[in-house]
Amino acid sequence: MALHNTLVLDANILIRAVLSANVRTLLEQSSSTIRFFAPDVCFNDAEKYLPPLFEKRNLPVESALEVLTGISRIVQTVEADVYDNYREEAIQRIAIRDPDDWPVVATALALNCPIWTEDSDFLGSGIATWTTDRIHVFMTPTPNE
261 MALHNTLVLD
271 ANILIRAVLS
281 ANVRTLLEQS
291 SSTIRFFAPD
301 VCFNDAEKYL
311 PPLFEKRNLP
321 VESALEVLTG
331 ISRIVQTVEA
341 DVYDNYREEA
351 IQRIAIRDPD
361 DWPVVATALA
371 LNCPIWTEDS
381 DFLGSGIATW
391 TTDRIHVFMT
401 PTPNE
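Structural data, given as C-alpha cells:
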C-alpha cells in the first residue's frame with residue numbers, strides 16, 4: 261500500500277523550489293500533511309547546479325544555498341544506507357532511460373511512495389510519478405481523508 265502522505269522529490273524539484281516561489285510555497289503549505297523526502301544525491305546535485313544558475317543570473321550564490329538549506333528543513337534527506345538495498349531493482353526499472361536516477365527510484369521503493377519530478381525518465385518505472393502542474397491532485401485530500 262502506497263503512502264498518500266509521502267513524496268520523493270528528485271533534484272530538479274529541489275532546484276525549482278529554490279528558483280520558484282510557487283514550488284517553494286507548495287512545499288511549505290503542504291508540509292503539515294505531506295512528508296517530503298529526497299535522496300542525499302539529489303541535495304548534492306542541487307548544491308552543484310544552483311551556483312552556476314545563480315551566477316548566470318547575476319544573483320548571489322549564497323542566497324541559493326540559504327534557500328536550499330531552508331528547503332532541507334521541509335524535505336528530509338534520505339541517506340544511501342536507507343535506499344541502497346533497492347539499488348538493483350531501481351536500476352532495472354530505470355536503466356533504459358537514465359541509470360543515474362536510480363537513487364530516486366530506490367528511495368521511492370524504500371518508502372513505497374510516488375515521485376515528484378519534471379524528468380520523463382521516471383515514466384514507465386512502475387512508480388507513480390507526479391509533475392508540478394499536476395501535483396495539486398496528489399496534495400488535495402480525498403473525501404475519505
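Count along the sequence shown from 1, then add 260; that gives the number in my numbering. For every residue, glycine included, the Cβ atom is placed at its ideal position computed from N, Cα and C. Remember, it's a predicted structure, so these values are computed and weren't measured experimentally.
For residue 223 versus residue 302, is the C-beta spacing smaller than 7 Å? Nothing about residue 223 can be reported from this structure: the residues present for the chain run from 261 to 405 only.
Exposed or buried, what is residue 329 when buried is set at 16 or more other beta-carbons lying within 10 Å of its beta-carbon? As a first step, residue 329 must be located in the sequence shown, where it is residue number 69. When all chains shown are included, residue 329 counts as exposed.
Where DSSP assigns a beta bridge to residue 375, which residues make up the other side? Start at 1 with the first residue of the sequence shown, and residue 375 comes out as number 115. According to DSSP, which records beta bridges pairwise, residue 375 is partnered with 268, 389.
Can you tell me whether residue 357 is helix, strand or coil according to DSSP? Numbered from 1 along the sequence shown, position 97 holds the residue referred to as residue 357. Residue state, collapsed to three classes: coil.
At the level of alpha carbons, what is the spacing between residue 344 and residue 306? Locating residue 344 in the sequence shown gives position 84, counting from the first residue. Locating residue 306 in the sequence shown gives position 46, counting from the first residue. Looking at the two C-alpha atoms, the distance is approximately 20 Å.
In three-state DSSP terms, what is residue 299? By 1-based counting over the sequence shown, the position of residue 299 is 39. Reduced to three states, the DSSP call for residue 299 is strand.
Quick one: what's got a C-beta closer than 7 Å to residue 332's C-beta in the same chain, skipping five residues either side? Position 72 of the sequence shown, counted from the start, is the residue given in the question as residue 332. The answer, listed in chain order, is 303.
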